[in-house]
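Q: Residue numbers (numbering that gives the first Met the number 0), protein chains in the order written: chain A, 0 to 328; chain B, 0 to 249.
My questions all concern the structure below.
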Amino acid sequence: MAKVLAVAEHRDGQFGAAAREVVSVAARLARDLGGTAQGVVLAGTGVPVEASSLGAFGADKIVVIEHDALADYNPEAWVSTLEDLILAGEYGVVVFSATTLGKDLAPRIAAHLDVPLASDVTAVAISDGVVSVTRPVFSGKAFAHLEIDASPALISIRPNVFPSVEWAAEGEVTTVTPDLNVSDFRVRVVERESSSDGVVDVSEASVIVSGGRGMKDPENWSLLESLREALGADAALGASRAVVDAGWRPHGEQVGQTGKTVAPALYIAVGISGAVQHLAGMRTAKTIVAINRDADAPIFGVADYGIVGDLFEVLPRLTDEIADLRAKD
Amino acid sequence: MNVIVCIKRVPDTEARIRIDGSGSSIETSGIKYDMSPYDAFAVEAAIRLKEGLQDEGDVSVLTLGDSSSSETLRKALAMGADRAVLLNGEVSLDGLATAKGLAAELEGSEADLFLFGIKAADDDQQQVGQMVAALSGRPCVSGVSSFEVDGRTARCKREVEGGSEIVEVDLPAVLCITKGSNEPRLPALKGIMAAKKKPLEERPAQVSASRVRLIGLSTPPPRAEGLIVGEGPDAVPELVRILREDAHAI
Chain A
0 MAKVLAVAEH RDGQFGAAAR EVVSVAARLA RDLGGTAQGV VLAGTGVPVE ASSLGAFGAD
60 KIVVIEHDAL ADYNPEAWVS TLEDLILAGE YGVVVFSATT LGKDLAPRIA AHLDVPLASD
120 VTAVAISDGV VSVTRPVFSG KAFAHLEIDA SPALISIRPN VFPSVEWAAE GEVTTVTPDL
180 NVSDFRVRVV ERESSSDGVV DVSEASVIVS GGRGMKDPEN WSLLESLREA LGADAALGAS
240 RAVVDAGWRP HGEQVGQTGK TVAPALYIAV GISGAVQHLA GMRTAKTIVA INRDADAPIF
300 GVADYGIVGD LFEVLPRLTD EIADLRAKD
Chain B
0 MNVIVCIKRV PDTEARIRID GSGSSIETSG IKYDMSPYDA FAVEAAIRLK EGLQDEGDVS
60 VLTLGDSSSS ETLRKALAMG ADRAVLLNGE VSLDGLATAK GLAAELEGSE ADLFLFGIKA
120 ADDDQQQVGQ MVAALSGRPC VSGVSSFEVD GRTARCKREV EGGSEIVEVD LPAVLCITKG
180 SNEPRLPALK GIMAAKKKPL EERPAQVSAS RVRLIGLSTP PPRAEGLIVG EGPDAVPELV
240 RILREDAHAI
């Protein structure tokens, strides 16, 4: 029976949208193949993972692999653990999330299994047993439609593109502990730094408030921060390349060709002219708003709605109106 | 300290991409090509590493591509790399096939570091560096925005969602480089002249068969034309109404 495996990521035992999406995709592919979908979760010993919750998105079985060395992402530990599982399980398709972790991990697994990998796909289908995918190329200026001629077919799916689909399945959980020799590892994470103080990362945010050179001075980011706060917990700050290169904002906020590609529900571009490289990173946002004093700025060509004006007058007003609106919710 | 940097020639990131009549390639006329941006960060990192060691070290650049890729290698040489190798062949749609071609060339290399840009600005696959590492049996860290070498360890800053990690890796290793704070230098005239005399070898690439088949290329659907809601702060209430009631965005 055809089996599809979803590699589901978690943070301290909590699943995010990426995990629900990857299981949903695996479950849909399994149905197309007349087979079954399974999930695998790697976790530190004793981390409370509600693995059975993945059953609600179509996973018949979930394997939780527990070991101290799996508490955080260590490529060598994860690769050796998953490689064994995939080989033993004879999966037809393996689905990863194209998160930072998944984009690091999936190519390594592909090379170890000697199969190709279609990364960061935005569509996938199976027809007559052949996996076909669509993936963005040239920073999203074009799409490539491909067929994979190998088994297992490995794909990583772009976050925020595929829906999480509820589909009741068994969700039977098995927990195993692998044999891992930590002293063999040649890669070691020695420190973790969180830059966001609990604010959602720009690549995961459903609302992004993004600033460019029009903001004139790094001190003015307090205006964007106020708007971000008014928009709620799912909002993050983004930045253009120009202000990151100028040292005004950290590289982690940069949206664009040499920054992050984002697909939020709402992207508000403030004082950003809309260079090709920036658009490449945000053009698939569901709703794009631009605020700029230059009516000819290219950003207005891609925005759904815009205000032409002085952002120093528009921003405080926008923050107040949104805060009022949400206070009434 | 010997470093090999793998680079790729890609269409300039400003280029307008159009699909040609066949539906399977892009229109190349009028397109300017250059070193892929993340690869430039990797070349810069290698040269700074060498400079930090009072130039005791060797930086090689390697590319797999057609003969026009020699231009890109010369640019790396002009930036300060010491020697270059062109594996003449076609980059595969199948990243693993390309990785095998590179790994075949790198087999037996005792270079302390192989550096890659984290992804190429044309196919955006973000896989070849890690695959070459796996094929070469070397440990690998990707998403490295900066690193230092201390003895037989590289200490890397790795960018992740919501922050960063400090990761140590034993040499010899592979690092996949992302944007950090070191802007790649523009080759100066002196470097460009020197580059002409630096060794550039060419040999055929050994790219294995692709197991990824291209069905076609397409361009994204155009976005519907946008609406300028108004001018200045007085346009804000209407914008907010639209975002709430029409777009359901807030």
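Beta carbons: idealized from backbone N, C-alpha and C, even for Gly.
#1: Which residues in the same chain have their Cβ closer than 7 Å to the Cβ of L238(B), if we skip the five residues on either side of it in sequence?
#2: Less than 6 Å between C-beta atoms, sequence neighbours within five positions excluded: which residues of the same chain meet that for V269(A)?
#3: Contact criterion: CB-CB distance below 8 Å. Does Q53(B) meet it with respect to chain A?
#4: Name, please, each residue of chain B whose Cβ falls closer than 9 Å to the Cβ of F137(A).
#5: Nearest CA to the CA of E43(B): which residue from I176(B), V206(B), T218(B) and R202(B)?
#6: Going along chain A, which residues have a C-beta under 7 Å from K178(B)?
#7: Along the chain, where does the alpha helix (DSSP H) containing K102(A) start, and where does it finish?
#8: At 4 residues or longer, what runs of the alpha helix (DSSP H) sit wholly inside the segment 3-56 of chain B?
#9: Give the C-beta separation of L61(B) and I117(B) to the nearest angstrom, bearing in mind that I take them to be a contact with Cβ-Cβ under 8 Å.
#10: Residues in its own chain within less than 8 Å of L213(B) by CB, not counting five upstream and five downstream?
#11: So is I227(B) in contact with chain A if we call contact Cβ pairs under 8 Å?
#12: Rounded to a whole number of angstroms, what is the C-alpha to C-alpha distance between D323(A) and D111(B)?
#13: Quick one: any contact between the segment 266-285 of chain A and the segment 214-228 of chain A, if contact means 3 or more CB pairs under 8 Å?
#14: Indicate the three-state DSSP secondary structure (helix, strand or coil) for S67(B) in the structure shown.
#15: Enumerate in chain order the residues of its own chain whose CB-to-CB distance from I25(B) is below 8 Å, with the five nearest sequence positions on each side excluded.
#16: Quick check on Q276(A) - is its C-beta less than 8 Å from some C-beta in chain B?
#17: For the segment 298-313 of chain A, which residues have a beta carbon sitting closer than 8 Å to at least one beta carbon of chain B?
#18: Identify which residue in I46(B), P236(B) and D122(B) has its Cα closest to the Cα of G139(A).
#19: Quick one: which chain A residues come within Cβ less than 7 Å of S144(B)?
#20: Could you say which of H144(A), V243(A) and G128(A) lies nearest to D216(A) if we only look at CA atoms?
#21: I'd like to confirm the pairing. Which residues does DSSP put opposite W166(A) in its beta bridges?
#22: At least one CB of chain B closer than 8 Å to the CB of T99(A): is that the case?
#23: State the DSSP-derived secondary structure class of K99(B), mapped to helix, strand or coil.
#24: From the DSSP output, in three-state form, read off A326(A) for me.
#25: Please name the residues in the segment 92-126 of chain A whose beta-carbon is closer than 8 Å to at least one beta-carbon of chain B, in chain order.
#26: Is the distance from the Cβ of D14(A) to the Cβ of E165(A) below 8 Å?
#27: Determine contact between the segment 191-198 of chain A and the segment 156-169 of chain B, defined as no fewer than three beta-carbon pairs at a distance below 8 Å.
#28: Using C-beta distances below 6 Å, list every residue in its chain close to A152(A), excluding the 5 sequence neighbours before and after it, in chain order.
#29: Under a Cβ-count criterion, where at least 16 other Cβ atoms within 10 Å of its own Cβ denotes burial, should N159(A) be classed as buried or exposed?
#30: Check whether the Cβ atoms of A25(A) and L41(A) lie closer than 8 Å to each other.
#31: Determine the closest residue to R134(A) out of V120(A), G308(A) and K285(A), with distance taken between C-alpha atoms.
#32: Name the DSSP beta bridge partners of E65(A), please?
#33: Rounded to a whole number of angstroms, what is the C-alpha to C-alpha distance between L52(B) and A76(A)?
#34: Please report the residue range of the alpha helix (DSSP H) in which V24(A) lies.
#35: Along the chain, which unbroken stretches of the alpha helix (DSSP H) at least 4 residues long are found entirely within the segment 183-218 of chain B?
#36: Looking at C-alpha atoms only, which residue of V46(A), P47(A) and V22(A) is the closest neighbour of A36(A)?
A: Taking the structure as given:
#1: The beta carbon of L238(B) sits closer than 7 Å to those of V228, all from its chain and outside the five residues before and after it, given in chain order.
#2: Hits under 6 Å: G210, I290 and L310.
#3: Answer no: the Cβ-Cβ gap between Q53(B) and chain A never drops below 8 Å.
#4: Close partners of F137(A) in chain B (Cβ separation under 9 Å): V9, P10, T12, A14, I16, I25, A120, D121, D122 and D123.
#5: For the set I176(B), V206(B), T218(B) and R202(B), the Cα lying nearest the Cα of E43(B) is the one of I176(B).
#6: Near K178(B) (Cβ distances below 7 Å), the residues of chain A are H250 and T257.
#7: Unbroken alpha helix (DSSP H) run through K102(A): T99 to L112.
#8: Runs of the alpha helix (DSSP H) inside the segment 3-56 of chain B: 36-51.
#9: Not quite, the Cβ-Cβ distance comes to about 17 Å (not below 8 Å), so this is no contact.
#10: Cβ neighbours of L213(B) within its own chain (closer than 8 Å, five residues either side excluded): S23 and L92.
#11: It does: the Cβ of I227(B) has a partner Cβ on chain A nearer than 8 Å.
#12: If I take the Cα positions, the gap works out to 59 Å.
#13: The way I'd put it, the segment 266-285 of chain A does touch the segment 214-228 of chain A; three or more beta-carbon pairs between them come closer than 8 Å.
#14: DSSP places S67(B) in coil when its eight states are reduced to three.
#15: Residues of the same chain with a CB within less than 8 Å of the CB of I25(B), apart from the 5 flanking positions on each side, are P10, I16, R17, I18, D19 and L216 in chain order.
#16: With 8 Å as the cut-off, Q276(A) counts as an interface residue toward chain B.
#17: Within the segment 298-313 of chain A, the residues whose Cβ lies closer than 8 Å to any Cβ of chain B are, in chain order, F299, G300, V301, A302, D303, Y304, G305, I306, V307, G308, D309, E312 and V313.
#18: The shortest C-alpha separation from G139(A) is found at D122(B).
#19: Going along chain A in sequence order, the residues near S144(B) (Cβ under 7 Å) are H250.
#20: Nearest option by C-alpha distance: V243(A).
#21: For W166(A), which the question treats as bridged, DSSP gives the partners F56(A).
#22: Among the CB atoms of chain B, one or more fall inside 8 Å of the CB of T99(A).
#23: Helix, per DSSP.
#24: It is helical.
#25: Across the segment 92-126 of chain A, CB contacts with chain B closer than 8 Å involve T98, T99, L100, K102, D103, A105, P106, R107, A109, A110, H111, D113, V114, P115, L116, A117, S118 and D119, in sequence order along the chain.
#26: According to the sequence shown, residue 14(A) is Phe rather than Asp. Going by C-beta atoms, F14(A) is not nearer than 8 Å to E165(A).
#27: Result yes; three or more Cβ-Cβ pairs closer than 8 Å.
#28: Contacts found: V92 and V130.
#29: Taking a 10 Å sphere around the C-beta of N159(A), we find 16 or more other C-beta atoms and assign the residue as buried.
#30: In this structure, A25(A) sits away from L41(A), with a CB-CB distance that is not shorter than 8 Å.
#31: The residue among V120(A), G308(A) and K285(A) with its C-alpha nearest the C-alpha of R134(A) is V120(A).
#32: DSSP output for E65(A) lists A42(A) as bridge partner(s).
#33: The straight-line gap from Cα to Cα measures roughly 33 Å.
#34: Where V24(A) is concerned, the enclosing alpha helix (DSSP H) starts and stops at A16 to L32.
#35: Inside the segment 183-218 of chain B, DSSP marks whole alpha helix (DSSP H) runs of 4 or more residues at positions 188-194, from first to last along the chain.
#36: Nearest option by C-alpha distance: V22(A).
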